[in-house]
Structure formats: C-alpha cells, structure tokens
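So the sequence shown is residues -22 to -1, 1 to 529, counted in mature numbering (1 follows the signal peptide of the UniProt record, and there is no 0). Every residue, glycine too, gets a C-beta built ideally from N, C-alpha and C.
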Amino acid sequence: MVLSSIFSAALLLASSAAVADAQSSTAYATYINFATDDILNGDDGLPPHPLQGLPYGYPTYPITVDGNGREQVEAHLTFFEGKYWMHAATWGCGGDLFVYSHVLTDGNYPAIPVYKPGDYGEDGNCGIKTYSSVDFTNWVQEDFYQPSITVANVTKPVVRYSNATGKYVMYMGGNAFNNFFYATSDSPAGPWSNPPSVMQGTNINHDFDVAVGPDGTHYMVSDTFTGLNTRPDQWSVPIWDIWIHQLAPNLTATIDSTAVRIRTAQQLQAQNLTLEAVGFFYHDGYYYINFGFTCQNCAGYIYNYYSTDPLGSYTDGGFISQDGCSGQNKGANVLPSPDGPIVLAGNLGYRTGPTDVVFDGQLWHADNHQAASSTYFFPIEFNDDHTLKDYTCPTTIQVPLATNITTSPAPPTPFRLDCRVRNWQSIQAVFDPPKQGTTLEFDVWQRTDNLGPTTNAGPVLDGPLSVTLDFATGPSASFSWVPSNISWAPAKISMAIEGKQLAKITLTTNATNGCYGTLAEPKVEEAVTYGKVVNEVFTESTSAQLYVYQF
C-alpha cells in the first residue's frame, strides 16, 4: 500500500491556472518551490541562519516515482523527444562544499577534507543524475553518470543537441586549470561518454550557459577566471571578465574568431558589480543574460543584460531580484508550450545554518551539506519593451505543458526534510489501528554537523541508524544500517515484515556528530501519529506524518 499523500482534485481546480486549464486545451503542471505551511512547527533539526531565515516559505524536497529523493542540485531542464529532462549535480555520497577559495587562516587556505571513494573533483560532488518526465511532475531516474577521472568538476550540467552530429552534448563545470568538460550521448537519457573530454577554445571556464538562437546556432557565455581580486588580504571576492562565443556545429568547441568580451572586470568594478552563476537564453528576438551575485553558496541579487545580437553589444537591464528568491541564479530553461516558448529561471536553493559565514553584514556561505539543497524554478516574465520584469518568487508555479500532453497531473506532495534522529532524540511513527503488509520502505538520509563555516564533524556519522518495528502481536524487530550505507540525500531502506500488523516505527542512533533524517509529508491520515521522543517524552508534529513508500 502506498501512503504518499495526493492533493485532492478540489485543490487542483482551486488554482487559477487549473481553472484556465478547464477552459482551454492547455494542461498545466504544478511545481512547488516552498511549502506555505510549516508541518514540523519550526522543529526539523535544520535551523536556518537568522540573517536569511525562510522569507518565502519552507524548503521542500522532491522525489522520483520510485520513492527516492530527487537530487536536483544545479538542475537544468530541457525538452527532447517528447519528454522533459532534468540533469542535476548530486551530492548524496557525502560531498560538502567549503569556502576554501575565500577564507584564509593565517595566510593559508583551509585543508580540503578527505572524501570517501566514489567522490569526484576537489569539491567532493558525486556525479550527475538524469531524470525524465512526460508531465513535469512524475520523474524517473534514467542515468547516474560518474566520470572515471577525478579532475572533472561534475557540476552545472547543461545538455544541448547537435544537429550536425546527431549527438547530445552535456557540459560540466570547469576550473582554474581546465576549460569546461563535456560528454556525448545518442540520447538525453545517456549513457554518456566516459571519460569526459575538455572543450576546445579560449576564455571558457568557471560558470557558463548555452543559448540556442532561432536558426539553431548555439552561443556560450562564460565568466572566466581572468579578472580582478578585490580583497587579496583576507577575502577573495573576484570580479571576472565576461565572454561570449559562438559554438562550432558539433558543440564541443568555440569558434574563437567570434569571441566577444562583453564586459571587463574593470567595467564591472566601476558599477560595483560582482557576477557569476549565469543563465543565457533567446526569446522573441532578444538574447538575455542573467547573472547572480559572486558568492559561494549564498543568496544574492540577480542582474540582467539583453541584446538583439547574441554577440552584443548588450544593454544593462539592471537588477531583477535583490535576493535571488533566497537562492543563487543557476541558469535559464527554455521549454515549449502551446502559446510558444516559456523560460524558467533556475535558482539553487541552498540551505543555511547558524554557523554560516557573515561578511560585511550579509550571509556569505550556506550550509556545507549540499545534498539538502534543491533547485527553485521561477517563470521569467517580459515587459512590452522586451525588458525583464522583477522576480516575484512564487511558492508554487503552474507550468504550461507541451502540446502532446493533454491532462494536468495532480500536484506533487511538498515533502520536508526532517533531521531529528540523534543520540539524545528519536523519531517515531505510530499507526492506530496497526498497518499490515509484507515489506516496509521509507526514506532516510544523514548529515554531520557544521562546526563552522569551513568544516564539519566528519565525512560520515560515527554511529549506525537503528530502526525498531513494534507489532500489534508478537515480538518487535530491529534493523541497523552502518553510516557508509546511508546516503546524504533521501533514499529508501527496506525491511521485511512478513504480513505482520505494524504498530510503531522508532528511529534511533548513538552517533555523536550529526543526525539521521527522514522525509515528512502533510498529514492526511488521522490514524497516523508522527513526532520526536526526548527522555521518553513523545512530542507530536500534529500536521505531519512519516512518508512511507510501501508496506
């Protein structure tokens, strides 16, 4: 039996987009950026930093159709072969991101932690996952790409299609020593070529995006590592030159004769701008470039340029968001709809914590636990003069679906991360009356504590996760998982219960350096009770229940 809650048809019809759907042939998908209700009453084990808080709502965490967490850090969207595709960086292997490029200690960079085997790149990120969906709501994991070399920076995946070669090309982030990496495939689902190759060209590294013109020509924007360092004494707040290149037809090299530096670091410094985290797209005769504020893992302003020529010159469109909707700009996603292309801005929604860096009165670095992050999507809206409207940061958006999709799917559930399993606290789910089944599956994950802005309490928890199942009749059953077998992103664990009537689930640990977590969902079953236990005292989260994939 599947316990995942489904919003009622009445709720779907209550939304304005769904009402419009009933009056037209357009189908809509609901995408949830933030939960409006705090089902955990401010007690999820993940308190935000007071400087940022949760200004637009409570972060949600999506799942795939098989019940596992959908890792969508720096996620980018495309539409190929009649489906929606999402390619996203993953951090479930335990990779953290530290500000080693920003904070100096006695003139030396902080030591980079040693990650367990399977991590890739100096940032410790774990690879790239590919998801597909026919309705922008129900997503299937198609591929998990882990390059066989350790120098690739497997972040910021962007996929484009080459008409010249019939290949899909997936770009990945570069670094100070290499241009961008890329891999190719016959399908947007993969498998991707391995090891990845390095793009050929000059002035291409760091952050990037690829716009596709109306004639199918591709252009790459990049904020390179060449530029200015404004605080060499202690804080590195770089300002980078911004370049645009036309790509060769095979999409694996730039045509350097087309290279244009549209802004120099000196020009940006004169405007008091620091720009990275770019989105680049074409819409209705204009090319647009949106940049985020230069800052590792933090929310900040979004600044815009626009031009009728992809190689410029570009006009300053000014600020279109002052806080990035509590995330950092990470791309632009052009998707089809019955009324023409739409553009969704992708913002990486970092989690924050009380130990985050504060610099010049603003939050500078978010939680080291990247696997708790997700991506927010916001519709980009246009004024009559083709300039961009300011972001409104909606909690939920309605996405008009491609013409081959005729039915609006039910909205997804706004799942919440709950990290309250500690050596002094447990989580319980009680079923009254008991539930009967043969196999029990639900999601768990782990997180070590942040000890400061550049370190945490180790690469894994120092104790196992234990699950005790109490039945209506007969003895209880206990299961245990060592931390090396628990992902940092929500993933299912499975227990055989052989048709017994389950009355209570209790999650405990003796780990001293962090917490284990679950996924909570809005309560829809009165017979289910969910909450924490401290010193044998149970405190119920009255609006929540444990997300159970299967009994």
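- Counting of Cβ neighbours within 10 angstroms places Asn250 among the exposed residues, the total staying below 16.
- Around the beta carbon of Lys470, 16 or more other beta carbons sit within 10 angstroms, so the residue counts as buried.
- Cβ neighbours of Asp368 within its own chain (closer than 7 Å, five residues either side excluded): Ile298, Ser299.
- The DSSP-derived three-state label of Pro412 is strand.
- In this structure Gly31 is exposed. Its beta-carbon is surrounded by fewer than 16 other beta-carbon atoms within 10 angstroms.
- With respect to Glu499, Leu524 sits close: the two C-beta atoms are nearer than 9 Å.
- Comparing alpha-carbon positions, the option among Asp440, Ser140, Ile10, Phe271 lying closest to Thr490 turns out to be Asp440.
- Distance from the CA of Cys371 to the CA of Gly35, rounded to the nearest whole angstrom, comes to 10 Å.
- Just so you know, the alpha carbons of Ser458 and Thr391 end up roughly 28 Å apart.
- In the structure shown, the three-state DSSP call for Gln50 is coil.
- For Gln224, the enclosing beta strand (DSSP E) begins and ends at 216 to 225.
- Excluding sequence positions up to five before and after Asp113, its CB lies within less than 7 Å of the CB of Ala7, Leu379, Ile383, Pro387, all in the same chain and listed in chain order.
- For Leu246, the three-state secondary structure derived from DSSP is helix.
- The beta carbon of Asp410 sits closer than 6 Å to the beta carbons of Ala505 from its chain, once the five residues preceding and following it are set aside; these are given in chain order.
- Pro357 carries a strand assignment under DSSP once its states are collapsed to helix, strand and coil.
- With contacts defined by Cβ atoms closer than 9 Å, Thr330 and Gln50 do not form a contacting pair.
- With a beta-carbon spacing of about 6 Å, Ser140 and Asn228 fall inside the 8 Å limit used to define contacts.
- With respect to Thr272, Ile217 sits close: the two C-beta atoms are nearer than 9 Å.
- For Leu326, the uninterrupted beta strand (DSSP E) run begins and ends at 320 to 327, by DSSP.
- Here DSSP, grouped into helix, strand and coil, assigns Gly60 to coil.
- DSSP places Ser285 inside the beta strand (DSSP E), whose first and last residues are 280 to 285.
- Its chain contains Gln403 as the residues whose beta carbon lies nearer than 6 Å to that of Val512, once the 5 sequence neighbours on both sides are disregarded; these appear in chain order.
- When the Cα atoms are used, Ala13 and Ser351 turn out to be separated by approximately 15 Å.
- In the three-state DSSP reduction, Ser352 falls in the strand class (E or B).
- Sequence-distant Cβ neighbours of Thr417 in its own chain, meaning closer than 8 Å and more than five residues away, are Ser472, Met473, Ala474, Ile475, Gln528, Phe529.
- Under a 10 Å Cβ-count criterion, Glu503 is classified as exposed, with fewer than 16 other Cβ atoms of the shown protein chains found around its own Cβ.
- Put simply, the backbone Cα of Asp396 is about 17 Å away from that of Pro442.
- Comparing C-alpha distances from Pro135 to each of Gly452, Met148, Pro125 shows the shortest one belongs to Met148.
- Gln274 counts as buried, since no fewer than 16 other beta carbons sit within 10 angstroms of its beta carbon.
- For Met177, there is no enclosing beta strand (DSSP E), as DSSP gives it neither H nor E.
- For Pro461, the three-state secondary structure derived from DSSP is helix.
- Across the structure, Asn434 and Ala344 are spaced so that their CA atoms are roughly 13 Å apart.
- Cβ atoms of Tyr284 and Tyr264 come within 8 Å of each other, at about 5 Å.
- Classified as exposed, Val43 has fewer than 16 neighbouring CB atoms from the shown chains inside 10 Å of its CB.
- Partner residues in the beta bridge of Pro37, as assigned by DSSP, are Phe12.
- With 16 or more other CB atoms across the displayed protein chains lying within 10 angstroms of its CB, Thr68 is buried.
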